[in-house]
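Asks: My structure is below; once you've seen it, I'll send some questions.
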Amino acid sequence: MFAERIDFSHEANLTINELVNRAEVLLPDTELTILRKCYDFAEKMHINHKRSSGEPYIIHPLNVAATLIKLKMDLDSIMAGLLHDTVEDCDVSPEEISKLFGQNVAQIVVGCTKISKIKFKTKEESQAENFRKMVVAMAQDLRVIIVKLADRMHNMRTLQYVSKEKQMGKAQETLDIYVPLASRLGINSVKAELEDLCLRYLHPEIYYRLAEKIAMKKRERESYIEETLNLVEEKMLEYSVVGEVTGRPKHFYSIYKKMQQRGVDFEQIQDLLAFRVLVGNITECYKVLGIIHSAFIPVPGRFKDYIAIPKVNNYQSLHTTVIGPKAERIEIQIRTFEMHEVAERGVAAHWKYKERNKTDAPGNKLKWVEELMEFNQTSTSSSEFMDAVKNDLDVGGVFIFTPTGDVKELRYGATPLDFAYAVHTEVGNKTVGAKVNGKMVPLKYRLKSGDTVEVLTSKTQTPSKDWLKICKTSRAISKIKQYLMKIERDEQKEVGENILEKALKRFDTSIKSLDKKGEFKSILDKYHYKLLEELFVNIGSNHLPIKDVLVAIPSIAFTETDELEVKEEDKEDSYYKKLAQTARKSTSNDNAVIVDGLDDIVVKMGRCCNPIPGDPITGIITRGRGITIHTIGCPRIADMEKARSLIVEWNKHYTFSHPVNIKVTTHDKPGILSKISKSINNSGINIRSAIARSMPDQKGNFVFEIEVKDYSELLKTISSIEQMEEVISVSRA
Ligand code: MN
Numbered sequence: 002m003f004a005e006r007i008d009f010s011h012e013a014n015l016t017i018n019e020l021v022n023r024a025e026v027l028l029p030d031t032e033l034t035i036l037r038k039c040y041d042f043a044e045k046m047h048i049n050h051k052r053s054s055g056e057p058y059i060i061h062p063l064n065v066a067a068t069l070i071k072l073k074m075d076l077d078s079i080m081a082g083l084l085h086d087t088v089e090d091c092d093v094s095p096e097e098i099s100k101l102f103g104q105n106v107a108q109i110v111v112g113c114t115k116i117s118k119i120k121f122k123t124k125e126e127s128q129a130e131n132f133r134k135m136v137v138a139m140a141q142d143l144r145v146i147i148v149k150l151a152d153r154m155h156n157m158r159t160l161q162y163v164s165k166e167k168q169m170g171k172a173q174e175t176l177d178i179y180v181p182l183a184s185r186l187g188i189n190s191v192k193a194e195l196e197d198l199c200l201r202y203l204h205p206e207i208y209y210r211l212a213e214k215i216a217m218k219k220r221e222r223e224s225y226i227e228e229t230l231n232l233v234e235e236k237m238l239e240y241s242v243v244g245e246v247t248g249r250p251k252h253f254y255s256i257y258k259k260m261q262q263r264g265v266d267f268e269q270i271q272d273l274l275a276f277r278v279l280v281g282n283i284t285e286c287y288k289v290l291g292i293i294h295s296a297f298i299p300v301p302g303r304f305k306d307y308i309a310i311p312k313v314n315n316y317q318s319l320h321t322t323v324i325g326p327k328a329e330r331i332e333i334q335i336r337t338f339e340m341h342e343v344a345e346r347g348v349a350a351h352w353k354y355k356e357r358n359k360t361d362a363p364g365n366k367l368k369w370v371e372e373l374m375e376f377n378q379t380s381t382s383s384s385e386f387m388d389a390v391k392n393d394l395d396v397g398g399v400f401i402f403t404p405t406g407d408v409k410e411l412r413y414g415a416t417p418l419d420f421a422y423a424v425h426t427e428v429g430n431k432t433v434g435a436k437v438n439g440k441m442v443p444l445k446y447r448l449k450s451g452d453t454v455e456v457l458t459s460k461t462q463t464p465s466k467d468w469l470k471i472c473k474t475s476r477a478i479s480k481i482k483q484y485l486m487k488i489e490r491d492e493q494k495e496v497g498e499n500i501l502e503k504a505l506k507r508f509d510t511s512i513k514s515l516d517k518k519g520e521f522k523s524i525l526d527k528y529h530y531k532l533l534e535e536l537f538v539n540i541g542s543n544h545l546p547i548k549d550v551l552v553a554i555p556s557i558a559f560t561e562t563d564e565l566e567v568k569e570e571d572k573e574d575s576y577y578k579k580l581a582q583t584a585r586k587s588t589s590n591d592n593a594v595i596v597d598g599l600d601d602i603v604v605k606m607g608r609c610c611n612p613i614p615g616d617p618i619t620g621i622i623t624r625g626r627g628i629t630i631h632t633i634g635c636p637r638i639a640d641m642e643k644a645r646s647l648i649v650e651w652n653k654h655y656t657f658s659h660p661v662n663i664k665v666t667t668h669d670k671p672g673i674l675s676k677i678s679k680s681i682n683n684s685g686i687n688i689r690s691a692i693a694r695s696m697p698d699q700k701g702n703f704v705f706e707i708e709v710k711d712y713s714e715l716l717k718t719i720s721s722i723e724q725m726e727e728v729i730s731v732s733r734a
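Under the numbering used here, residues 2 to 734 are what the sequence shown spells out, in order.
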């Protein structure tokens with residue numbers, strides 16, 4: 002069936018005739034003739050060799066070539082598959098291969114030979130080094146890796162004939178090097194197969210137990226799969242969606258990984274079956290998802306949309322887990338036929354498009370490979386190309402060097418800030434900048450394997466909320482959150498203490514004297530606080546009304562009618578304090594707002610609407626707090642009494658920069674943030690901060706906090722940003 006996994010089993014009776022038969026759909030007749038000629042050469046060269054199994058050696062290159070045909074590779078790759086061991090084992094010179102079958106084939110064979118001579122280290126720390134070695138070998142042509150993967154696949158398939166020690170070594174190396182490579186190249190069919198083979202040799206007890214368990218209920222399961230398939234197909238038919246539905250047990254390694262991740266035994270793993278629905282287009286994918294979610298109950302938190310957000314290797318699919326018939330959990334993958342082709346063959350699928358059918362090349366499928374290929378053709382320096390390959394081959398993680406040569410593994414997408422936290426929490430907290438390979442980079446720079454990172458710190462630096470958006474590792478994120486929580490708590494404590502102290506002043510007492518007399522005991526007991534500090538925090542964070550505290554203090558005769566005033570300004574930041582202070586000054590040049598007839602009054606800006614000079618405004622008299630300025634349109638003043646409002650106007654001589662947030666939505670293009678920033682700076686406006694967010698629909702969202710002196714300056718800035726062609730909309734936030 003179309004959606005079935007490719008079968009990579011060892012074929013002991015494979016012949017060149019059979020191989021040519023299979024290649025017929027891929028290659029024109031002239032190429033088939035060359036393929037036969039190539040086989041004859043390889044057979045002659047290997048005539049005296051035998052495999053460990055005792056079979057004639059040529060069965061190995063034949064099987065490797067067959068795998069390459071299954072992956073739908075081109076003639077050069079298939080020929081290289083047939084010849085891949087001739088240079089190493091038969092003393093054939095690359096020149097001879099080049100003369101007989103072309104330079105490309107020779108180059109691929111040389112690449113494969115190089116890789117087979119590499120001594121890979123299997124320790125985790127040396128992964129970066131392993132990759133570097135691999136990259137050196139494949140720098141010429143990515144097909145080297147695909148041929149090498151096919152070679153390794155057959156060797157793993159026939160591993161039973163070699164010594165136990167060799168089995169373990171090969172399996173570990175496969176898991177460390179070849180599986181991540183297949184994964185990064187998106188060749189999932191090869192990856193899954195290799196993983197199962199590795200499990201079989203590295204953890205035979207688990208592998209055979211799984212095999213046994215799965216075999217045990219075979220008939221039962223098959224009828225279950227059948228039943229579910231029919232159900233799904235029926236439902237799809239009802240909604241006139243045409244597609245292919247298949248079901249099978251999951252591959253062993255993925256079950257094994259789940260057991261490990263969740264720390265559970267085989268019996269407790271519930272979703273052993275995976276179903277796949279292939280349809281014609283993306284709309285139908287989501288339609289099928291809807292159909293499935295209405296037919297079965299979805300398991301919360303298990304839905305993943307890799308269509309909207311593809312994996313780094315360009316894998317696209319919808320994943321969901323539902324409660325299927327008989328209350329069994331089943332995993333369902335939904336994707337288009339095209340996505341499936343890419344999922345199974347990855348870079349190999351792309352190769353076919355690129356080489357044979359240039360006009361048909363799918364838009365941005367496996368873009369990174371395409372870019373890599375183009376890079377290969379245009380770049381003069383091979384080290385430049387290798388850098389590009391190296392960056393793109395990062396699998397789950399990146400390997401970063403400290404200036405002293407230590408290696409840290411971080412997850413893909415990690416930034417210098419993540420690295421700083423990986424070194425030490427205190428280093429992270431004090432980070433002000435970073436150098437990568439000797440050059441200054443922004444903190445949000447995406448680290449690449451092999452980068453050497455030097456963190457720059459400052460004693461006065463402290464983490465900020467924005468850092469949470471920069472960091473990708475859970476360690477860094479949790480350390481920053483911890484710090485911010487502590488800071489917030491400290492602030493709340495201070496605010497709470499102030500509020501309480503001020504409230505007590507009205508009763509001519511203080512925290513200190515009441516504490517000495519043990520007057521806080523009853524309230525601490527009531528709320529189970531151990532320390533006075535906790536009381537402050539709860540007052541400061543508005544969890545505990547100050548009234549409730551005063552009521553619980555025995556020596557204070559507090560009644561509800563006592564007017565209490567908790568000054569909000571205690572919580573306000575320095576900007577508003579500063580503005581309030583300037584408004585209080587007597588010389589009119591320093592006053593932001595002129596209030597008719599009232600010279601020395603505290604004027605504050607409403608935080609709700611943040612008026613800036615030029616906005617139409619009104620003043621609202623607040624009880625005991627002076628005047629608060631709101632914009633005429635502010636929703637807060639709608640329900641205030643008319644009698645409390647005052648006519649106020651902006652002081653034209655007043656110069657003070659006002660922070661305003663503006664929200665910019667753009668098409669997501671590289672460099673757009675700096676382009677907008679430049680435009681703002683060029684008009685003489687200061688940017689206090691910028692927050693950027695990429696959205697899945699290819700749009701970018703930025704919030705700039707800028708300082709303007711008045712409304713007209715704000716308008717000017719907005720309109721200058723609006724004029725940029727990448728910008729979709731600009732608004733005051
Ligand atoms: Mn080989």
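All C-beta atoms, glycine included, are put in the ideal place defined by N, C-alpha and C.
All figures in this text were calculated on a predicted structure; none of them were measured in a lab.
1. Can you tell me whether C39 is buried or exposed, with buried defined as 16 or more other CB within 10 angstroms of its CB?
2. The alpha helix (DSSP H) that contains N683, what's its start and end?
3. My understanding is that I677 touches I722, with C-beta atoms under 8 Å, so please give their C-beta distance in whole angstroms.
4. Just tell me which of E221, G429 and G347 has its CA closest to the CA of K327.
5. Excluding the 5 residues flanking V203 on each side, which residues of the same chain have their C-beta closer than 8 Å to its C-beta?
6. Can the beta-carbon of F537 be found less than 8 Å from the beta-carbon of L501?
7. Just tell me which of L200, A691 and T321 has its CA closest to the CA of Q261.
8. With a threshold of 7 Å (Cβ to nearest heavy atom), would D86 be considered close to the ligand MN?
9. Return helix, strand or coil for H204, following the three-state DSSP convention.
10. Going straight from the alpha carbon of K449 to that of D419, what length do you get?
11. Could you pull the DSSP bridge partners for K700 from this structure?
12. Is I310 buried or exposed, if buried means 16 or more other CB atoms sit within 10 Å of its CB?
13. Measuring only between beta-carbons, confirm whether I595 sits less than 8 Å from chain C.
14. Between K83 and L15, which are expected to be in contact by the criterion C-beta below 8 Å, what is the C-beta distance as a whole number of angstroms?
15. Is there contact here, the stretch 608–627 with the stretch 666–680, by at least three beta-carbon pairs under 8 Å?
16. Which residue spans inside the stretch 11–95 form an unbroken alpha helix (DSSP H) run of at least 4?
17. For the ligand MN, is there a heavy atom less than 7 Å away from the beta-carbon of H50?
18. Where does the unbroken alpha helix (DSSP H) through I478 begin, and where does it stop?
19. Just to confirm my understanding: we take M725, look at its own chain, exclude 5 residues before and 5 after, and list those with CB closer than 6 Å. What are they?
20. Work out the CA separation of T632 and A275 for me, nearest whole Å.
21. Looking only at DSSP bridge pairs, what is E534 linked to?
22. Relative to the C-alpha of E44, which candidate in S523, I17, V26 and I663 has its C-alpha closest?
23. On the DSSP letters alone, give me the boundaries of the alpha helix (DSSP H) that H529 sits inside.
24. Run through DSSP, which three-state label would Q334 get?
25. Please return the same chain residues whose Cβ sits closer than 6 Å to the Cβ of R476, not counting the five positions on each side in sequence.
26. Can you name the start and end residues of the alpha helix (DSSP H) that S720 belongs to?
27. For a test of your reading of the model: does the CB of D152 fall under 7 Å from any non-hydrogen atom of the ligand MN? Yes or no.
28. For I729, which residues in the same chain have their Cβ closer than 8 Å to its Cβ, ignoring the five residues on either side in sequence?
29. Do H294 and the ligand MN come close, with the Cβ less than 7 Å from some heavy atom?
30. Measure the beta-carbon distance from T432 to V456 and round it to whole angstroms, keeping in mind my assumption that it falls under 8 Å.
31. Could you check which residue in H294, L211, N231 and L28 has the C-alpha nearest to that of L273?
32. Is G11 near the ligand MN, going by C-beta to nearest heavy atom under 7 Å?
33. Check whether the Cβ of H61 lies closer than 7 Å to any heavy atom of the ligand MN, and answer yes or no.
34. Take D516 and list the residues in its own chain whose beta-carbon comes closer than 8 Å to its own, dropping the five residues that flank it on each side.
35. By the DSSP assignment, the beta strand (DSSP E) with S730 in it spans what residues?
36. Taking the Cβ atom as the reference point for each residue, do N315 and S184 lie within a distance shorter than 8 Å?
Replies: Reading from the atomic positions:
1. So C39 ends up on the buried side.
2. Where N683 is concerned, the enclosing alpha helix (DSSP H) stretches over I673 to N683.
3. With 8 Å as the limit, I677 and I722 qualify as a contact, their Cβ atoms being about 6 Å apart.
4. K327 has its Cα closest to that of E221, out of E221, G429 and G347.
5. In the sequence under discussion, the amino acid at residue 203 is Leu, which differs from the Val named in the question. Cβ-Cβ distances below 8 Å link L203 to M169, A172, Q173 and L176 in the same chain, with the five nearest sequence neighbours on each side left out; the list follows chain order.
6. At the C-beta level, F537 and L501 come within 8 Å of one another.
7. For Q261, the nearest C-alpha among the options comes from L200.
8. For D86, the shortest separation between its Cβ and any heavy atom of the ligand MN lies below 7 Å.
9. Correct three-state label for H204: coil.
10. Take the alpha-carbon of K449 and the one of D419: they are about 13 Å apart.
11. DSSP lists H668 as partners of K700.
12. Around the beta-carbon of I310, fewer than 16 other beta-carbon atoms lie within 10 Å, marking it exposed.
13. Among the chains in the structure shown there is no chain C, since it carries only a single protein chain.
14. Residue identity check: residue 83 is Leu in the sequence provided, not Lys. Between the beta-carbon of L83 and that of L15 there is about 12 Å, and that puts the pair past the 8 Å contact cut.
15. Result no; under three Cβ-Cβ pairs closer than 8 Å.
16. The DSSP assignment places 17–24, 30–46, 60–71, 76–84 and 87–91 as complete runs of the alpha helix (DSSP H) inside the stretch 11–95, in order along the chain (cut-off: 4 residues).
17. At a cut-off of 7 Å, the beta-carbon of H50 does not count as near the ligand MN: no heavy atom of the ligand is closer than that.
18. For I478, the enclosing alpha helix (DSSP H) stretches over residues S475 to K506.
19. Sequence-distant partners of M725 (beyond 5 residues in either direction) whose C-beta falls short of 6 Å from its own C-beta are missing from its chain.
20. Straight-line Cα distance between these residues: approximately 59 Å.
21. DSSP lists no partner for E534.
22. For E44, the closest of S523, I17, V26 and I663 by C-alpha to C-alpha distance is I17.
23. Element bounds for H529: n/a, residue is neither H nor E.
24. In the structure shown, Q334 falls within a strand segment according to DSSP collapsed to helix, strand and coil.
25. Cβ neighbours of R476 within its own chain (closer than 6 Å, five residues either side excluded): Y422.
26. Annotation for S720: the continuous alpha helix (DSSP H) segment containing it runs Y712 to E723.
27. The closest heavy atom of the ligand MN lies less than 7 Å from the beta carbon of D152.
28. T666, T667, H668 and K700.
29. Incorrect: H294 has no Cβ contact closer than 7 Å to the ligand MN.
30. So it is a contact: roughly 6 Å between Cβ atoms.
31. For the residues H294, L211, N231 and L28, the minimum Cα distance to L273 belongs to L211.
32. Contrary to the premise, residue 11 reads as His rather than Gly in this sequence. Not under cutoff, so the answer is no.
33. With a threshold of 7 Å, the Cβ atom of H61 counts as near the ligand MN, since some heavy atom of the ligand is closer than that.
34. Within the same chain, L533 come within 8 Å of D516 by CB-CB distance, once the 5 residues on both sides are set aside.
35. Unbroken beta strand (DSSP E) run through S730: V728 to R733.
36. No, these two residues do not count as a Cβ contact at 8 Å.
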